[in-house]
Each structure stands twice: as C-alpha cells, then as structure tokens.
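To start, the structure under review is shown below, and the notes come after it.
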Amino acid sequence: MNQIVIAPLLVAVVAVVATLALGRRPALQRATSVAGAIVYAASVALLAWRVVLAPDAGPATYQSGGWPAPFGITLVADALSAFMLVLAATVGLWSVAVAVRVLDRENQRVFYHPLFHCMLLGVTGAFLTGDLFNLFVWFEVMLMASYVFVAFYGGAKHTAGAFRYLVPNVVGSAVMLLGIGGLYATVGTLNMADMARRLADPAAYGIDVAPVVGLSAFVLATFALKAGLVPFQFWVPSAYRAAPLPAAAMLAGVTKKVGIYAVIRLYFTVFAAAGLDGATLPGTGVGITGDSPLAFLGPVLLAMAVASIAVGGVGAVGRETVDELLAYSSIGQVGFIALPVALAASAPSGAVRRAAVAAALVYALHHALAKGLLFLSTATVRGATGTTRLSELGGLGQRSPVLSAAFLVGSLSLVGIPPLAGFFGKFLVFEVAARHFATVPTAAAAVPLAAALVGAVLTIVYITRTWIGGFWGTQTPQVGQATVDPVQVGLLAALAAVILAAGVAFDPVYRFATAAAEAALDRGAYVDLVDPAPGTTLLAAGTGAGGALGSSGGAARPDRAGERGAGTENGNRPADGGEGT
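In structure tokens:
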C-alpha cells in the first residue's frame, strides 16, 4: 500500500499533461481540470486516511525506482505532510472550480489550467519529499508556474509585479542551493532522515556541527522569502494584485505555507538533532550558544514574525482596493503562523513545543481557508462589478446577500470570531504566547503576546473598514449593474460552510494538527521510517544487510530496530551501529 504515497503526485502529473493536450478543446479542458482537482483531493483524502485516520494508520515511504535511501529519491507521507496536503487539496479544488467560472475562457484555454496543476504538483512534491535537494527541485516547479501566473495578463503592472517576484526568488533559489551544497559538503548526505541521524552523532561521522548553523541560515532566508515574511515581503502586494485572483488564492493560501512547512520539517525534524555543546565558530575559538540550531531559529524567526504582523497589519489598514488589502493582510497573517513556530524553537519542554507547532498548523489551515475564500469572493465581486475599489462597492450586501455572507464568514474567521476555525487558530497562538510569557516573565518575553494583540486589533480595523466600505452603505452604479453568477456564489457558500464546520467540529482538526506536530518533532520515528541504512556503500545497500534494491520503503525493519550505537567504518561511510560488514 506504500504506492498510495505517490498517488497525489501522479494525479497532478496526469492533470498537467491532460489539460495541456486539450488546449484546442477548451470546454473539455476545463472539465478535465476540475476533474483532476477532484481526483487529487480524493487521493489526498485516501492518503490522509492511510497515514492518520484509519484504525491501523501509520506513516509510509516510497523509494523511487526501488533504490534504497539514502541513495534513491525518498517520498515520505506522515501526519505533517498529510496535514499540509489536505490544506492544499481543499484550497486547490475551490480555486480551480471558481477559476473555470470567473476567468475569461480565452485566457484559460492555453496556459491557465496546465500551470495551475503544475503549481499543485510542485506543492505536493515539496510536502512529500524526504530529500533536501529534491525539496529545492519541487520549490522550483512550484515557482515556475507562479512566475507565469503573476505575469499572466501581460500588462505593465503585471510585468512589474512579475519582475519584483522573479528577481528575489531567483536570488533566493541560488542562496538555497548554496546552503544545500554546503550542508552536503559538511554532513555528507541530503536525505533528511540520514542527515538527522548523522547530526545526532557527529563524532561518529567526523562532522563539525558549527557550520550547520550558518548553512541552515541560508535555507531559512529562502524559506522566509517564499513565505513572504519581513524583510522579504516586498514582492507580495504587487504579485498578488497582478495574478488572476483564483491563482492569488493559491499563492496566499498554499504556496506561502510551503515555506513554513520547510522551516518546521528541517529545523525540528533534522537540524534540531545537531548538538552544539562545545561547538565553536571555525577558526575563531568562539563558542556557539544554544544546544541546537533551534537556538538560532527562535530569535530570528520571532523578529520576522513580529515585524510581519506589524507591517502587514498597518499596510492593510490604508488600502483602497480589496485585493491589495488582502495582499498586505497575508503578510501579517503569515506572521501569526511564524510566531508560534519561533516560540516552539525556544520552548522549555517537548509538550510546550508540540503545542506551539500544533498552533502554527491550525492557524495555517485557518488562514488558507479564510484567505482562499476572501480572494475567491473578491474574484466573483470583480467579475460582477468590474472593480475591487471599496469606494465603488457600496450596497453589495443588499445586491447579493449570499455572496456578502460568504465574504463575511471569511472575514470573521480572519478576525477570530467563534465558532469559526479562525477563533481556534488565534486562541492557540495567544495561548502559546501567554505560556511563553508565564514561563519567562520579562519584558522581552512579553513581545510575542503584545505583537499578537496588536495584530488582532489591526485585523479588526481593516476587516471592519472593508465590510463597511464595500458592503454597506448606498448602492453604487457598479453594484447596481452587477450580475452575480449563482454557481460562483454557491461554490463560495460551500467553502464558507467548510470554515464553519472546521470550527464547530474542531476536535478532529486539532487532533490531526497535534499528530502532525508530533510527526515533526519525533526525529527517531522519522529516521526509523525512512531507514536510510547509513553504514553501507551503494553496493552493500543493494546486496547486503542494508536492504534489497527492490525495496519500496515502509516502516523500519525489525532487524534494524536496535541499531543506534557508535559507528564503524564500512567502505567510505561509517556505520550507525553493530559490526562492520
């Protein structure tokens, strides 16, 4: 059953090829695109059932081509990757369904649908890969599609937005590649499980862990850039305004979360294994403080999160168009996601760390659903009225009550009103910040809690301004002449119902998020799952005790369950335990 791991990837690939081949048959292309999104969501649901929800659920791996880790390409499906895939599948399904109705059909015909599924393919690969280099590859697949989306309409502002998006992301990709190359030179592997194993026992592998801190900063900067955190947020407003609004729903709701996921996966599952006790800066003799690279991540990410909450919130308050307001709001809201991740890095206990990561995941899910709904609602509003300017949208609440109600649900969830999903996401973030302050009652420890409070107030201000300015008041000529598509309104109402259901039935959502947080923090289980067999040469891995070449992955084999001792040499790679062969 480990083949289920690659099902979402295969569905996305088939959807890309099929929609590209059907470019001359636009009606069939649109139907195929929606069908592809439905099948993708079904494959993700099946994977989540297999990994998390079934009575005999458990994580699974797939070794591409039968090559064993760490030599082959490993795909890993655990609770964390399944949680993120569910998020992507939900937003993706509604985004493509609304796009079919709201976008000009000629614009859809050639590029839109193949690009959409290509972006979904990149997101899926990033969530499933167990290899650091392939994480870079899937990032690039995702970004190549998003570059075209930002420049999709070809106007001056779209070209400018694409340029602002392209240049920093290309530079970021180069920086990420440099960091990956440095990590490979330092640790000797790019398989994440193998890297975690080696960093946990650096002496056995002759690894100097001090450079890992600096090299991890390279990839952290890239992940922060992809997530749109301050000081890398400058591309966000112009890119989101330039892209088609259904694509912007994916950019804000899904692709931003890939950067957050990568931080959680790499720092908590991999880099946290590196002990820094006694480590010094190369050539200086100066000691490095902290017991792992998490000591570096905590304060740096916290500063980014606090600044993002402030910059995004203040920027959103003064916007005159709904799409631009939502773009700035996305900067602030991703700060709310990064805040508990930063506090998790400095958490004093495993339970607190798990609660903080779970809070970040719940908020990420809430934001994906709420911001996706708001961008898609804005697409329907623009399609009906021809504008997104707040001053030209007065009276929309009376003109289309259901559309307005759907927008209101997304807005109230963003504010954090019960019983919507956003209430629980915001509550958990505040709880983590309050526990952090209670543990260390100092002025510095109060900063995260204060930032969250300020961000919450700013969210109330700009959401209230949007609702009053755009939906209440005297009906404008643009609204009076609007014709609202009932199918689009029905889709938006259904997504609003999902947000409401996620709040009313929050317990299974929270248990899923908690399982995902545990998967991120349980390095031993992750290593055992992938079983990289680090003590073998390539030949030995294919013929000896390290496992057969035909293996397709799965749980750790019983005969390796106790292998966690000191290493010995075998060929040019040290063994992880037991006798050399």
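Residue numbers (this note's numbering): 1480 to 2060.
C-beta: ideal position from N, C-alpha, C; glycine also.
Distance CB(residue i)-CB(residue j) smaller than 8 angstroms
i	j	result
residue 1721	residue 1599	no
residue 1998	residue 1538	yes
residue 1824	residue 1930	no
residue 1644	residue 1718	yes
residue 1568	residue 1626	no
residue 1874	residue 1952	yes
residue 1855	residue 1708	no
residue 1540	residue 1604	no
residue 1860	residue 1872	yes
residue 1698	residue 1745	yes
residue 1822	residue 1927	yes
residue 1615	residue 1655	yes
residue 1572	residue 1844	no
residue 1579	residue 1858	no
residue 1968	residue 1870	no
residue 1747	residue 1692	no
Through-space distance from residue j to residue i, alpha-carbon basis
i	j	result
residue 1809	residue 1791	7 angstroms
residue 1665	residue 1729	36 angstroms
residue 1576	residue 1970	8 angstroms
residue 1820	residue 1505	44 angstroms
residue 1621	residue 1602	6 angstroms
residue 1888	residue 1500	38 angstroms
residue 1704	residue 1646	11 angstroms
residue 1950	residue 1902	23 angstroms
residue 2008	residue 1555	8 angstroms
residue 1946	residue 1910	28 angstroms
residue 1963	residue 1865	11 angstroms
residue 2024	residue 1649	With a pLDDT of 29 at residue 2024, under the threshold of 50, the predicted position of this residue should be treated as unreliable, though the coordinate-derived value follows. For residue 2024 and residue 1649, the distance between alpha carbons rounds to 43 angstroms.
residue 1688	residue 1802	45 angstroms
residue 1804	residue 1680	49 angstroms
residue 1896	residue 1890	9 angstroms
residue 1806	residue 1700	21 angstroms
residue 1623	residue 1493	18 angstroms
residue 1853	residue 1886	6 angstroms
residue 1737	residue 1990	21 angstroms
residue 1611	residue 1787	27 angstroms
residue 1662	residue 2004	22 angstroms
residue 1919	residue 1682	34 angstroms
residue 1925	residue 1710	22 angstroms
Contact set for residue i: own chain, Cβ-Cβ below 8 angstroms, skip 5 residues either direction
i	result
residue 1983	1898
residue 1762	Bear in mind that a pLDDT of 47 at residue 1762, under 50, signals an unreliable position, so the number given afterwards is only what the model happens to contain. Closer than 8 angstroms at the Cβ level, and outside the excluded window around residue 1762, lies no residue.
Closest Cα partner of residue i within the set the options
i	options	result
residue 1583	1522, 1709, 1536, 1863	1863
residue 1914	1889, 1827, 1966	1827
residue 1892	1938, 1921, 1657, 1859	1938
residue 1678	1753, 1975, 1785, 1961	1753
residue 1941	1657, 1794, 1911, 1912	1794
residue 1503	1579, 1526, 1541, 1590	1590
residue 2062	1975, 1833, 1932, 1921	No answer is possible for residue 2062: the residues shown for the chain start at 1480 and end at 2060.
residue 1850	1732, 1551, 2001, 2005	1732
residue 1812	1986, 1634, 1933	1933
residue 1528	2000, 2001, 1994	1994
residue 1652	1639, 1635, 1684, 1613	1613
residue 1739	1630, 1870, 1778, 1818	1818
residue 1684	1693, 1691, 1667	1667
residue 1597	1832, 1734, 1774	1734
residue 2095	1716, 1574, 1659	Beyond the ends of the chain as shown, which are 1480 and 2060, falls residue 2095; an answer cannot be given.
residue 1530	1691, 1564, 1877, 1512	1564
residue 1553	1562, 1512, 1484	1484
Own chain partners of residue i with C-beta closer than 6 angstroms, once the 5 adjacent residues on each side are dropped
i	result
residue 1522	1486, 1487, 1490
residue 2022	Interpretation of residue 2022 is limited by its pLDDT of 30, a score under 50 that renders its predicted location unreliable; no figure is taken from the coordinates.
residue 1749	1671, 1674, 1675
residue 1815	1842, 1908
residue 1695	1750, 1772
residue 1557	1538, 1998
residue 1471	Nothing about residue 1471 can be read from this structure; the chain reaches only from 1480 to 2060.
residue 1838	1819, 1907, 1908, 1911
residue 2061	Lying outside 1480 to 2060, the shown extent of the chain, residue 2061 is not represented and no answer is given.
Near the ligand FAD: residue i beta-carbon under 7 angstroms from a heavy atom
i	result
residue 1538	Because no ligand of any kind appears in the structure shown, any question about the ligand FAD cannot be addressed here.
Bridge-paired residues (DSSP) for residue i
i	result
residue 1555	1540
residue 1535	In DSSP, residue 1535 forms no bridge with anything.
residue 1608	1554
residue 1670	1610
residue 1800	1868
Cβ-based neighbour list, residue i, same chain, cut-off 7 angstroms, excluding 5 preceding and 5 following
i	result
residue 1628	1594, 1722, 1723, 1726
residue 1617	1601, 1604, 1605, 1608
residue 2031	In this predicted model, residue 2031 has a pLDDT of only 38, less than 50, meaning its place in the structure is not dependable; the value taken from the coordinates is given anyway. Excluding residues within five positions, the ones whose Cβ falls inside 7 angstroms are 1481, 1541, 1542, 1545.
residue 1507	1501
Any chain B beta carbon closer than 8 angstroms to residue i
i	result
residue 1672	The chain inventory of the structure shown lacks chain B, comprising one protein chain alone.
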